[in-house]
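Student:
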Ligand code: PAF
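Numbering (our numbering), first residue to last: 402 to 678.
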């Protein structure tokens with residue numbers, strides 16, 4: 402596995418363009434969810450292709466006061482995961498390498514980014530779009546894998562790729578869960594034992610909604626809120642029913658309707674989603 406931490410180092414590489422490259426962009430603290438993204442990347446790259454993983458805790462996508470400083474950075478363990486998974490290239494730049502002090506260019510998607518996580522985390526998706534654009538330019542992959550847990554991120558990246566004419570296939574990877582249903586996230590390690598014990602309420606609420614035959618979105622949302630709020634440590638940031646493609650609110654459950662939630666346990670904000678139809 403090649404490990405590169407500078408842009409000059411990437412450019413100096415003698416890349417074999419006949420080998421398709423599939424990129425898995427991450428912020429590190431790799432867990433079984435990331436491993437599933439890496440394996441999906443390998444499937445798409447084929448045995449002859451190249452799987453590239455980037456690890457970069459992107460300061461631009463953390464709003465002021467968020468967890469940028471305390472975000473886990475287990476460098477050695479991450480490197481081991483990548484080696485064990487047969488990753489060909491690990492790109493692990495520093496913040497200074499990625500952003501000059503006087504940088505003044507942002508990539509903004511302005512419609513899908515507005516609601517849901519975009520409403521609670523202003524500027525977050527501009528940070529995501531900017532770093533993903535840079536990673537696409539630097540690594541020039543044929544395809545890139547994004548997890549469906551960050552459903553809105555996936556939609557925003559797809560839109561950006563379409564609007565800016567990137568010739569990069571975006572591959573969606575299903576959510577990976579702990580046995581009790583909690584969606585895997587690097588942030589789960591912030592939860593104390595009590596919070597961790599209550600967090601699977603999110604999945605229970607989403608599953609109950611998907612199984613109910615109710616059509617009015619307001620009724621479904623009321624149930625979801627009730628279930629989540631039955632966990633004493635849960636505080637709902639948002640619970641919304643939207644179209645899975647346009648991310649705009651829906652009043653009734655129809656085909657391709659998404660239920661998306663963000664819930665705080667203490668200072669830790671967890672997100673999850675489910676297709677209702
Ligand atoms: O999903 C993530 O880990 C990040 O948002 C991403 C796509 C790596 C951009 O920093």
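No residue lacks a Cβ here, since even glycine has one placed at the ideal position from N, Cα and C.
In this text, all values refer to a predicted model and were calculated from it rather than measured experimentally.
My parser needs the beta strand (DSSP E) runs of 3 or more residues fully inside the region 515 to 563; what are they?
Tutor: For the region 515 to 563, whole beta strand (DSSP E) runs of length 3 or above, ordered along the chain, are 544 to 548.
Student: In the DSSP output, which residue or residues are listed as bridge partners for residue 635?
Tutor: According to DSSP, which records beta bridges pairwise, residue 635 is partnered with 666.
Student: Reducing DSSP to helix, strand and coil, say where residue 660 ends up.
Tutor: The answer is strand: DSSP assigns residue 660 an E or B state.
Student: Name the DSSP beta bridge partners of residue 427, please?
Tutor: The partner list for residue 427 (beta bridge, DSSP) reads 456.
Student: Near residue 567, which residues of its chain fall below 7 Å by C-beta distance, leaving aside the five closest residues on each side in sequence?
Tutor: Closer than 7 Å at the Cβ level, and outside the excluded window around residue 567, lie 537.
Student: Would you call residue 479 buried or exposed, if buried means 16 or more other Cβ atoms sit within 10 Å of its Cβ?
Tutor: Buried is the call here.
Student: If we count the other Cβ atoms within 10 Å of its Cβ and call it buried at 16 or more, is residue 497 buried or exposed?
Tutor: It is exposed - the Cβ of residue 497 has fewer than 16 other Cβ atoms within 10 Å.
Student: Around the C-beta of residue 600, are 16 or more other C-beta atoms found within 10 angstroms, so that it is buried, or is it exposed?
Tutor: The residue in question, residue 600, is buried, as its Cβ has 16 or more Cβ neighbours within 10 Å.
Student: If I follow the unbroken alpha helix (DSSP H) through residue 438, where does it start and stop?
Tutor: That run of the alpha helix (DSSP H) goes 433 to 446.
Student: Could you tell me the distance, in whole angstroms, from the CA atom of residue 588 to the CA atom of residue 463?
Tutor: Whole-angstrom Cα-Cα distance: 13 Å.
Student: My output table needs one value for residue 477: the three-state DSSP class, helix, strand or coil.
Tutor: Correct three-state label for residue 477: helix.
Student: Kindly identify the DSSP beta-bridge partner or partners of residue 451.
Tutor: Per DSSP, 422.
Student: So the alpha helix (DSSP H) residue 629 belongs to, where does it begin and stop?
Tutor: Unbroken alpha helix (DSSP H) run through residue 629: 618 to 630.
Student: In angstroms, rounded to a whole number, what distance separates the CA positions of residue 562 and residue 643?
Tutor: Cα to Cα, residue 562 sits roughly 22 Å from residue 643.
Student: Whole-angstrom Cβ separation of residue 552 and residue 674, contact assumed at under 8 Å?
Tutor: Between residue 674 and residue 552 the Cβ distance is about 5 Å, and since that is below 8 Å, they are a contact.
Student: With a threshold of 7 Å, establish whether the CB of residue 427 neighbours any heavy atom of the ligand PAF.
Tutor: For the ligand PAF, at least one heavy atom lies less than 7 Å from the Cβ of residue 427.
Student: Identify the residues that DSSP records as bridge partners of residue 673: which are they?
Tutor: Its beta-bridge partners are 662.
Student: What would DSSP say about residue 482, mapped onto helix, strand or coil?
Tutor: Three-state DSSP puts residue 482 in a helix.
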